[in-house]
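Start counting the sequence shown at 665; every next residue gets the next number (the working numbering).
Just so you know, even glycine gets a beta-carbon here, dropped at the ideal spot from N, CA and C.
Below you'll find the structure, written out as structure tokens, and then a few comments.
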Amino acid sequence: MEDAIPDIVKALGEPTMIELPAGMAMAITAASDKAQAHVNQGIYHLHGGWELEASRHFAAAMREDPECLMAHWGMVMSTLTPSPETGPARNAASDRMLELVNKEYGTELERSYAYGLIKYMEEGPEGAAEAFRKIAEKFPNDLQAGIFAALFSRTGYDETGSITPNQETAEKNLSKLIEKNPQNPLPLYALLSIRAEAPDLSNSVELARQLCQIAPDYAPYFHLLGHYEWRTGQHGKAASAFGRASTILERWMRDHKASVADCPEWVKSECYRVVAIASKGDFDTAFAAARQVAATPFPASRAGSSGARLLLWEAKTLPARVLLQRGLAGNVKDANNSLPKPDELKNTRTKSLAYLWVDGLRIVLEGQRLINAGDLNGANEVLTALAHHGEMMSKAQAAANASGERSAWTRSLPRIGSISQ
């Protein structure tokens, strides 16, 4: 059982219980009330995308009851994102979950959850969506199954911004769950999460505000609110929401003796807060805040952690991006000087692909320097080099998927293109 718990989870000890919303608790087959409570806490954090905190609760439940099927299911779910720090434990938890299913531990509903997860690992989101749809049909009073069915079936918006058929169905189903459970944040957060990249969020920002009223001390909800405020042009409110998320996460790190390596959520909220401030046009404040975030010590001993890698992708490049957005004379030189030096990234190349993003920014900045100097021939040569670099980044997709950096890698490609324009 201990093999199924990541070392980073063991290092943080047992997590603190929070008050869950009414109607959230799921009946869990476990040897003690404490194990049941930890599983439900884990499921709540899992829905919020706070994977480390979820895994801590599932680990506590596993220790209370080593034969609790849902605790093992939750550990696999919360470690699905590839990471060198959690991969071995995820494999052990998967093996143990299958063993418990074969021995018919848990209820029919719980074994169905395990089956849905197995379908995801075998067939991807489509297989999981179909499995959880069947669970929701057979157990109509189970809120979680309906939410997972919608989450796995979402397909987003097409290149024109139009909603895709499966996405529309997922949003309608979540809206129905919200109507039945108006004070439960889980279906509301799920709807707002899958709708976050819609072309127009003006009709949904009030829902994001309601979410934070239902659960006023939960960082993932405030981060999502910040996204909605920013996308609808409420940049001051966005900065406040991201700042609230950062404050909650800072307190969590302090109380649990965790580091930035354990908390990529803090890095993300702080970086987005800076972006929101810059979007207001307050570049002096944004640049000062960006430098402060970029100065966060890099946890070299855990260079492969989610927090460390996000520092490289987002925080360490933030001052340069703020200066580029400002676009004043001399900003190109200052932006280039603010980027991590190649020697600083030398020992991280085997742990993260962020060096590709930093190198791409450096090429773009060199091109802009030459344009500003009137050297168009030199700028064209740099543009050719940038095209080759873009091809190299595109070829790194498989590596990004395997390392758990797909999201950061995906964001970096269009950023390079937009900056170079």
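query, result
"How many Å lie between A993 and E861 at the Cα?", "34 Å"
"Consult DSSP for I782 and reduce its assignment to one of helix, strand or coil.", "helix"
"For S923 and G968, what's the separation of their Cα atoms in angstroms?", "14 Å"
"In angstroms with no decimal places, state the Cα-to-Cα distance between K1010 and G1068.", "20 Å"
"Looking at S747 and G706, is the spacing between their C-beta atoms short of 8 Å?", "no"
"Are the beta-carbon atoms of L888 and Y936 separated by less than 8 Å?", "no"
"Does the region 688-705 come close enough to the region 898-915 to have 3 or more Cβ pairs within less than 8 Å?", "no"
"Return the residue from the list A1072, L676, W714 and W977 that minimises the CA-CA distance to L913.", "W714"
"Are there 16 or more other CB atoms within 10 angstroms of the CB of E683, so buried, or fewer, so exposed?", "exposed"
"Would you call the CB atoms of L781 and W737 closer than 8 Å?", "yes"
"What does the alpha-carbon distance come out to for the pair I858 and M785?", "21 Å"
"Here's a check: name, in chain order, each residue in its chain whose Cβ is nearer than 8 Å to the Cβ of S1076, leaving out the five neighbours to either side.", "W977, L1020, W1021, G1024 and M1057"
"In chain order, which alpha helix (DSSP H) runs of at least 4 residues are fully inside the region 744-793?", "751-766 and 772-787"
"Taking C-beta to C-beta, are F906 and S933 nearer than 8 Å?", "yes"
"Taking all protein chains shown into account, decide if N805 is buried (16 or more other Cβ within 10 angstroms of its Cβ) or exposed.", "exposed"
"Mark P961 as exposed unless 16 or more other C-beta atoms lie within 10 angstroms of its C-beta, in which case mark it buried.", "exposed"
"So T833 and G770 are in contact, right, with Cβ under 8 Å, and what is the actual spacing, rounded?", "About 29 Å; that fails the 8 Å criterion."
"If you follow the alpha helix (DSSP H) that K844 is part of, which residue opens it and which one closes it?", "P829 to K844"
"Taking the continuous alpha helix (DSSP H) assigned at V939, which residues delimit it?", "P928 to S943"
"I'd like to know if the region 795-804 and the region 812-821 are in contact, where contact means that at least 3 CB-CB pairs between them fall below 8 Å.", "yes"
"Would you say N1036 and V986 are within 8 Å of each other, going by their C-beta atoms?", "no"
"Let's see if you can read the secondary structure: which residues bound the alpha helix (DSSP H) around C876?", "V869 to I878"
"What is the DSSP secondary structure of Y882, reduced to helix, strand or coil?", "coil"
"Just to check my reading of the structure: N837 and G820 have Cβ atoms closer than 8 Å, yes? What is that Cβ distance to the nearest angstrom?", "Not quite, the Cβ-Cβ distance comes to about 15 Å (not below 8 Å), so this is no contact."
"For M734, count neighbouring C-beta atoms within 10 Å of its own C-beta (all shown protein chains included) and say buried if the count is 16 or more, exposed if not.", "buried"
"Within a Cβ cutoff of 6 Å, which residues of the same chain sit near A1018, ignoring the five residues on either side of it in sequence?", "L976 and W977"
"With a cut-off of 8 Å on the beta carbons, I'd call A668 and A753 a contact; round off their distance for me.", "6 Å"
"Starting from R720 and walking both ways along the alpha helix (DSSP H), at which residues does that stretch end?", "E715 to E728"
"Determine, using beta carbons only, whether L982 and A999 come nearer to each other than 8 Å.", "no"
"Where R1033 and R1013 are concerned, what is the direct C-alpha to C-alpha distance, given to the nearest angstrom?", "27 Å"
"If distances are taken between C-alpha atoms only, which option among R966, S970, A953 and A972 comes closest to A984?", "A953"
"What does Y1019 pair with, by DSSP beta-bridge criteria?", "Partner(s): none; Y1019 has no beta bridge."
"Just the Cα atoms here: how many angstroms apart are P880 and K767?", "42 Å"
"Kindly indicate which residue of S904, G825, F886 and S1071 has the alpha-carbon position closest to the one of S970.", "S1071"
"Smallest Cα separation from A686: which of L807, E790 and E666?", "L807"
"Quickly, what does DSSP pair Y821 with across the bridge? List them, please.", "I827"
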